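Worksheet for the structure shown next.
Protein chains: 2
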Amino acid sequence: MPDNDQCNHVLQRQMESFEESCRAADLKLTHQRLEIYRELAKATDHPSAETLHKRLLRSMPTLSLDTVYRTLTTFEQHHLIKKVETVDSQAHYEAQMQQHHHLICDTCREIMDFQWSSFDALAVPEDIRQWGAIKNKSITIYGTCRKCQALQGKKKAE
Amino acid sequence: MPDNDQCNHVLQRQMESFEESCRAADLKLTHQRLEIYRELAKATDHPSAETLHKRLLRSMPTLSLDTVYRTLTTFEQHHLIKKVETVDSQAHYEAQMQQHHHLICDTCREIMDFQWSSFDALAVPEDIRQWGAIKNKSITIYGTCRKCQALQGKKKAE
DNA sequence: ATTGGACTTAAGAATTGTTCTTATTTATCT
DNA sequence: AGATAAATAAGAACAATTCTTAAGTCCAAT
Chain A
1 MPDNDQCNHV LQRQMESFEE SCRAADLKLT HQRLEIYREL AKATDHPSAE
51 TLHKRLLRSM PTLSLDTVYR TLTTFEQHHL IKKVETVDSQ AHYEAQMQQH
101 HHLICDTCRE IMDFQWSSFD ALAVPEDIRQ WGAIKNKSIT IYGTCRKCQA
151 LQGKKKAE
Chain B
1 MPDNDQCNHV LQRQMESFEE SCRAADLKLT HQRLEIYREL AKATDHPSAE
51 TLHKRLLRSM PTLSLDTVYR TLTTFEQHHL IKKVETVDSQ AHYEAQMQQH
101 HHLICDTCRE IMDFQWSSFD ALAVPEDIRQ WGAIKNKSIT IYGTCRKCQA
151 LQGKKKAE
């Protein structure tokens with residue numbers, strides 16, 4: 001089975017669970033909401049509202065940026081999506097709600113997900129546990145991605 | 001030796017190294033720059049420009065918010081301080097440049113530093129190293145701090 | 001199938017956080 | 001002490017986001 005088909009299945013399941021959560025939260029399943037969620041779930045790059053809006057305009061030319069902002073805020077309040085912590089002035093979002101970590105390229109600023117289950121299983125040291133009730137821990141790795149490394153290599157060679 | 005004295009010594013050493021870095025970077029050691037840096041170095045809560053400005057107004061009533069913004073930007077460009085990754089619309093800063101991690105309270109939003117040296121020593125899994133040139137990894141722990149837990153306990157009891 | 005109520009839209013205005021401009025004053029460094 | 005960088009005030013400009021209003025659209029339940 002090709003990768004693309006696999007992704008579609010995963011996305012389809014994610015959409016179903018999203019629809020269920022919406023019903024549970026008394027959120028109407030409007031076309032805009034479904035498409036905004038689908039576009040975010042499909043994305044691997046943690047887009048901003050503006051980026052998402054640009055992508056959606058191709059298939060929904062009348063969708064307003066305002067609706068994207070409003071809808072993302074609604075989703076976030078219902079814990080259907082998450083804001084990503086960044087150093088950026090624009091807010092970035094992700095639909096991935098399972099435990100995962102981030103790789104951030106210091107050059108192109110792209111954010112990628114990754115898994116590190118042996119870290120997830122690690123217990124937090126006692127002295128840190130003193131701080132309060134710990135709910136979750138996640139890693140951010142900084143560096144330069146392959147793509148940007150290649151570009152920098154080229155530039156130096158010139 | 002009381003804690004406070006120890007902190008003062010640490011701060012003093014940090015100020016000296018800051019002054020040295022400024023000279024190396026050809027940044028004039030103005031009163032404002034020194035005080036803004038000192039206030040940030042003293043803070044444990046990763047303040048925003050506005051918060052920092054408010055604190056500094058007490059001792060420097062004519063200091064403009066603009067100068068705080070400008071100065072923090074200058075410091076950041078010279079890698080003397082860092083922006084902290086957050087979900088906030090305001091930018092937050094820290095003077096701590098050594099390897100450390102963050103605890104974030106989901107209630108009061110305060111950010112605390114912590115150390116976890118056994119994690120720092122951990123090698124990143126092979127498959128993640130494929131992504132590119134890794135420079136640094138840091139943890140963010142989410143939860144509710146003791147203070148906020150106590151307050152929530154009270155509310156429930158009422 | 002109709003309808004009530006929730007949702008979306010456009011367009012513009014308002015807000016917030018941040019940066020820039022200009023002219024003037026102040027302070028650092030040599 | 002003088003050259004020059006930096007800070008100031010005040011206001012303008014900007015970018016990201018939110019709000020407003022009024023009109024139109026569409027979901028869901030009867």
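Residue numbers (the working numbering), protein chains in the order written: chain A, 1 to 158; chain B, 1 to 158. Think of the CB as a built atom: it goes at the ideal place given N, C-alpha and C, for glycine as much as any other residue. Remember, predicted model here, so these are calculated numbers, not experimental data.
Can you tell me which of A:GLN90, A:LYS42, A:ALA95 and A:SER89 puts its alpha carbon nearest to the alpha carbon of A:HIS78? A:ALA95
For B:MET60, which residues in the same chain have their Cβ closer than 7 angstroms to its Cβ, ignoring the five residues on either side in sequence? GLU35
Output yes or no for whether 8 angstroms exceeds the beta carbon distance between A:GLN149 and B:GLY132. yes
Note down, in chain order, each residue of its chain lying with its Cβ closer than 6 angstroms to the Cβ of B:HIS102, except the 5 sequence neighbours on either side. ILE111 and THR140
Of the residues B:LYS28, B:ASP88 and B:ASN136, which one's Cα is nearest the Cα of B:GLN99? The shortest Cα separation from B:GLN99 among B:LYS28, B:ASP88 and B:ASN136 belongs to B:ASN136.
What are the start and end residues of the alpha helix (DSSP H) that includes B:ASP113? Element bounds for B:ASP113: not the alpha helix (DSSP H) but the beta strand (DSSP E), 111-114.
For the 8 angstroms Cβ check, are there 3 or more pairs between the region 42-52 of chain A and the region 41-53 of chain B? With a cut-off of 8 angstroms on Cβ pairs, the region 42-52 of chain A is not in contact with the region 41-53 of chain B, counting fewer than three such pairs.
Quick test of your reading: B:THR74 and B:LEU27, contact by CB under 8 angstroms. State the CB separation rounded to the nearest angstrom. 7 angstroms
When Cβ atoms are compared, which residues of the region 142-156 of chain B fall closer than 9 angstroms to chain A? TYR142, GLY143, THR144, CYS145, ARG146, LYS147, CYS148 and GLN149
Extent of the continuous alpha helix (DSSP H) run through A:VAL68: 65-77
Rounded to whole angstroms, what's the CA-CA distance from B:LYS42 to B:HIS92? Just pull it up for me. 14 angstroms
So, helix, strand or coil for A:THR62, using DSSP? coil
Spatial distance of A:MET1 from A:ARG146 (CA atoms): Low confidence applies to A:MET1: its pLDDT is 49, below 50, so where it sits in the model is not reliable, and the reading given next is rough at best. Rounded to the nearest angstrom, the two C-alpha atoms are 28 angstroms apart.
Buried or exposed: which applies to A:LEU63, given that a residue is buried once 16 or more other Cβ atoms fall within 10 Å of its Cβ? Classification of A:LEU63: buried, given that the 10 Å Cβ count is 16 or more.
Compute the Euclidean distance between the alpha carbons of B:CYS22 and B:LEU29, then round it to the nearest angstrom. A direct Cα-to-Cα measurement between B:CYS22 and B:LEU29 gives close to 7 angstroms.
For A:GLU20, count neighbouring C-beta atoms within 10 Å of its own C-beta (all shown protein chains included) and say buried if the count is 16 or more, exposed if not. Exposed.
Residues that DSSP places opposite B:ARG94 in a beta bridge: A quick correction: the sequence has Glu, not Arg, at residue 94 of chain B. In the DSSP output, where bridge partners are listed per residue, B:GLU94 has B:LYS82.
Starting from B:LYS42, follow the alpha helix (DSSP H) in both directions and report where the run begins and ends. 31-42
If you count every other CB in all the chains shown that lies within 10 Å of the CB of B:GLU16, and 16 or more means buried, which is it? exposed
Between the region 54-85 of chain B and chain A, which residues of the former have a C-beta closer than 7 angstroms to a C-beta of the latter? LYS83 and GLU85
Name the one or two DSSP bridge partners that A:SER48 has. Per DSSP, A:HIS92.
Does the separation of the CB atoms of B:LEU56 and B:ILE81 fall below 8 angstroms? no
Could you have a look at A:ALA24 and say whether DSSP puts it in helix, strand or coil? helix
Flag A:SER48 as yes if its beta-carbon sits less than 8 angstroms from any beta-carbon of chain B, otherwise no. no
Excluding sequence positions up to five away, which residues of its chain have a Cβ less than 6 angstroms from the Cβ of B:ARG13? none
Might you give, ordered along the chain, the residues of its own chain that have their beta carbon closer than 8 angstroms to the beta carbon of B:LEU11, omitting 5 neighbours on each side? In the same chain as B:LEU11, and ignoring 5 residues on each side of it, the C-beta atoms closer than 8 angstroms to its own belong to ARG38, ALA41 and LYS42, in chain order.
Pick from B:ASP45, B:PRO125, B:ILE134 and B:THR71 that is closest to A:THR107, judged by C-alpha positions: B:ILE134
For chain A, is any of its Cβ atoms less than 8 angstroms away from the one on B:MET112? yes
Which two residues bound the contiguous beta strand (DSSP E) that contains A:HIS167? Because chain A here runs from 1 to 158, residue 167 of chain A falls outside it and cannot be looked at.
8 angstroms contact criterion, which A:ARG33 and A:THR71 should meet: CB distance rounded: Rounded to the nearest angstrom, the Cβ distance from A:ARG33 to A:THR71 is 6 angstroms, consistent with a contact under 8 angstroms.
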